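See below for the structure under consideration.
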Amino acid sequence: MKKIITFSILVLALTTVSFADSSFKDVSNTHWALQFINTLKTSEIIGGYPDGTFKPQANVKINEFIAMSVKALGYRFESTSSDWAKPYIDKAIELGIIEDREFTSYTANITREQMTSIVVNAVALSEFRPSSTMDDYIKRETIDYYKVSDYYKQNILDSYKFGIVTGYDDHTFRPKDYSTRAQAAAVISKIENTALRTPFEKTDANYVMMNVSVSDEFGNYDRIQLPFYAPYYNGKPVDELVEFAKLITKIHDNGKGYIDFGYDSSLNHLAAGFFRDKATYDYVYSQPSAYEGVMALAANGDFGLTIYPYDLGSKYRPYQIGVSKMKDHTMSYANYSDFIDKTYREQFETMFRFWFEDEFDKAWAIFEKALDHQGNRTSDIVEINNRTFNINYSRIDIIIYVSLKH
-2 MKKIITFSIL VLALTTVSFA DSSFKDVSNT HWALQFINTL KTSEIIGGYP
48 DGTFKPQANV KINEFIAMSV KALGYRFEST SSDWAKPYID KAIELGIIED
98 REFTSYTANI TREQMTSIVV NAVALSEFRP SSTMDDYIKR ETIDYYKVSD
148 YYKQNILDSY KFGIVTGYDD HTFRPKDYST RAQAAAVISK IENTALRTPF
198 EKTDANYVMM NVSVSDEFGN YDRIQLPFYA PYYNGKPVDE LVEFAKLITK
248 IHDNGKGYID FGYDSSLNHL AAGFFRDKAT YDYVYSQPSA YEGVMALAAN
298 GDFGLTIYPY DLGSKYRPYQ IGVSKMKDHT MSYANYSDFI DKTYREQFET
348 MFRFWFEDEF DKAWAIFEKA LDHQGNRTSD IVEINNRTFN INYSRIDIII
398 YVSLKH
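FYI, in the numbering used here the residues of the sequence shown are -2 to 403.
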């Protein structure tokens, strides 16, 4: 799993300084950002001016905010050149918090969209990015989202979902406004202390909470709770995908075999891996290395279901199933359809009845033909229940695509 960077001193301070006196003569004891300013000063992430002031309303420079962010991640550098911020900028580029040449001047005032992008990238070093199924809801709630630079748009959306930098009460984000030192202190404090965050919620939207596996770039896994929202298509939420996700969860609770739900944040899709029992799942995910895990999955995973919440007009979206027929543990059955019948029939029937309703029998007959097919690869593309049913099959595998209703 991703290692979560823990700054216990920072978190402890944030929970104990609420009623402390101000460390700066121009920050009153009732200032809204007092808690954050004092904490970051104690942690030596920010400092004041020689005259004892903090200047909370002063604008923050890009290099200043980069340095704050890198310090909040636990790094400290002594400058060996006339440019005090260069070590922090170099580290930020190395970590991927910013890109080389992203800014034309590091001494310019930082905007809200720039600040947000930096802090989201910092948080994403140790936390998985949220599902993008909520993105359309955020765009619709943020009346000036169109003003956000294309380069920063996804990080702005992720910031709402993380609950780090969100909009104002008037539903604006004001991406080009400059950020103040007080605002920067509040934002930096949210890198580690998740209790300070207020993630975006759309309480009247259709969604389901999924207990899913997520993996990092090294193949390590963790379990998280993920809200899966109905994505927008043609100006309307596609509630069908949420209802289908609920259905798969019900199959998980009641059916034979074992289903592992997963979310790929890089490809933005929800997936379910099907195993013949929980012991097999545990074996696959207890392998000592990512390579061994992949090999164990290839040998023991029976089929996978993927839900793609994008390209919803395609005949290959949003549902895809991949079935691998050539497994050692299926050889004791009379044929592959016998294995499916005894192990996964309930799961497949439930999905097919959801998709094809009164025309279930027509789709099921094609599927059964594919299960025991031993010839060369072939495919059937038919319209059933106003959906495109595309099934590609051979003696070793079956790939199924099911579209939304036309």
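Note that the Cβ used here is the ideal one computed from N, Cα and C, for glycine as well. Quick caveat, the model's predicted, so the values are computed rather than measured.
Query                                                                                                                                                                                        : Result
When the Cα of Arg342 is compared with those of Ser79, Ile188, Leu368 and Lys359, which residue comes out closest?                                                                           : Leu368
Between Met323 and the rest of its own chain, which residues show a CB-CB distance below 7 Å, the 5 nearest in sequence each way excluded?                                                   : Ile393
Taking the C-alpha atoms as reference points, what is the distance between Tyr103 and Ser76?                                                                                                 : 16 Å
Can you list, in chain order, the residues of its chain whose CB lies under 7 Å from that of Val120, leaving out five sequence neighbours each side?                                         : Phe159, Ile161 and Ile188
Please say whether Ser114 and Tyr149 have beta carbons closer to each other than 9 Å?                                                                                                        : yes
Measure from the alpha carbon of Arg178 to the alpha carbon of each residue in Ser400, Asn265, Gly44 and Thr385, then state which is nearest.                                                : Gly44
Which one or two residues does DSSP pair with Val209 in a beta bridge?                                                                                                                       : Ile221
Keeping to the same chain, check which residues put their C-beta closer than 6 Å to that of Thr303; ignore five residues upstream and five downstream.                                       : His266, Ala268 and Gln317
Grouping DSSP H, G and I as helix and E and B as strand, with all else coil, what is Tyr288?                                                                                                 : helix
So, is Asn152 buried or exposed, given that buried needs 16 or more other C-beta atoms within 10 angstroms?                                                                                  : buried
Is Ile107 helix, strand or coil when you go by DSSP?                                                                                                                                         : coil
Who does Asn387 pair with in a DSSP beta bridge?                                                                                                                                             : Ile378 and Tyr398
Can you check DSSP and say which residues form a bridge with Asn56?                                                                                                                          : Thr177
Between Asp358 and the ligand SAM, is there a pair consisting of the residue's CB and a ligand heavy atom that are separated by less than 8 Å?                                               : In the structure shown, the ligand SAM is absent, as is every other ligand, since no ligand is present at all.
What does DSSP give as the partner residue(s) for Gln317 in the beta ladder?                                                                                                                 : Thr303 and Tyr398
Does DSSP classify His403 as helix, strand or coil?                                                                                                                                          : coil
How far does the alpha helix (DSSP H) with Ile90 in it extend, from its first residue to its last?                                                                                           : Lys83 to Leu92
Please state the DSSP three-state secondary structure of Tyr143.                                                                                                                             : helix
For the beta strand (DSSP E) containing Phe33, list its first residue and its last residue.                                                                                                  : Per DSSP, Phe33 belongs to no beta strand (DSSP E); it is in the alpha helix (DSSP H), Leu31 to Thr39.
Quick check on this structure: which residue in Glu91, Met112 and Asn190 has the alpha carbon closest to the alpha carbon of Tyr175?                                                         : Met112
From Asp201 to Pro228, what does the alpha carbon distance come to, in whole angstroms?                                                                                                      : 14 Å
Relative to the C-alpha of Thr169, which residue among Asp141, Ala182 and Ala183 is closest?                                                                                                 : Asp141
Evaluate Ser129 with the Cβ neighbour count: other Cβ atoms within 10 Å of its Cβ, from every protein chain shown; 16 or more gives buried, anything less gives exposed.                     : buried
Determine the burial state of Ala295: buried for a count of at least 16 other Cβ atoms within 10 Å of its Cβ, exposed for fewer.                                                             : exposed
Can you name, in chain order, every residue of its own chain whose Cβ lies under 8 Å from the Cβ of Ser391, other than the five neighbours on each side?                                     : His370, Gly372, Asn373, Arg374 and Thr375
Short of 8 Å in beta carbon distance, which residues of its chain neighbour Asp155, apart from the five on each side in sequence? Order them along the chain.                                : Val117, Ala121, Arg126 and Pro127
Would you verify that the beta carbon of Leu31 is, or is not, closer than 9 Å to some beta carbon of chain B?                                                                                : The question asks about chain B, but that chain is absent: this structure has only one protein chain.
State the Cα-Cα distance for the pair Ser66 and Tyr134, rounded to the nearest angstrom.                                                                                                     : 29 Å
Compare the C-alpha of Asn407 against each of Tyr226, Tyr305 and Glu365 and name the closest.                                                                                                : Because the chain is modelled from -2 through 403, residue 407 falls outside the range shown and cannot be assessed.
I'd like the span of the alpha helix (DSSP H) that includes Ala276, first residue to last.                                                                                                   : Lys275 to Val281
Determine whether the beta carbon atoms of Ala181 and Val205 lie at a separation below 9 Å.                                                                                                  : no
Mind the definition here: the segment 19 to 30 touches the segment 43 to 61 only if three or more C-beta pairs lie below 8 Å; say whether that holds.                                        : yes
Can you tell which of Tyr72, Leu401, Leu37 and Glu61 has the C-alpha that lies nearest to the C-alpha of Leu238?                                                                             : Leu401
Whose C-beta lies closer than 7 Å to the C-beta of Leu9 among residues of the same chain, with five residues either side of it excluded?                                                     : Below a pLDDT of 50, predicted positions are generally treated as unreliable, and Leu9, at 37, falls in that range; the measurement from the model is reported next regardless. Once the five neighbours on either side are set aside, Leu9 has no close Cβ partner at all.
For Ala367, which three-state DSSP category applies?                                                                                                                                         : helix
Please go through the same chain and pick out, in chain order, the residues whose beta-carbon is closer than 6 Å to the beta-carbon of Phe33, but skip the five residues on each side of it. : Ala182, Ala183 and Ser186
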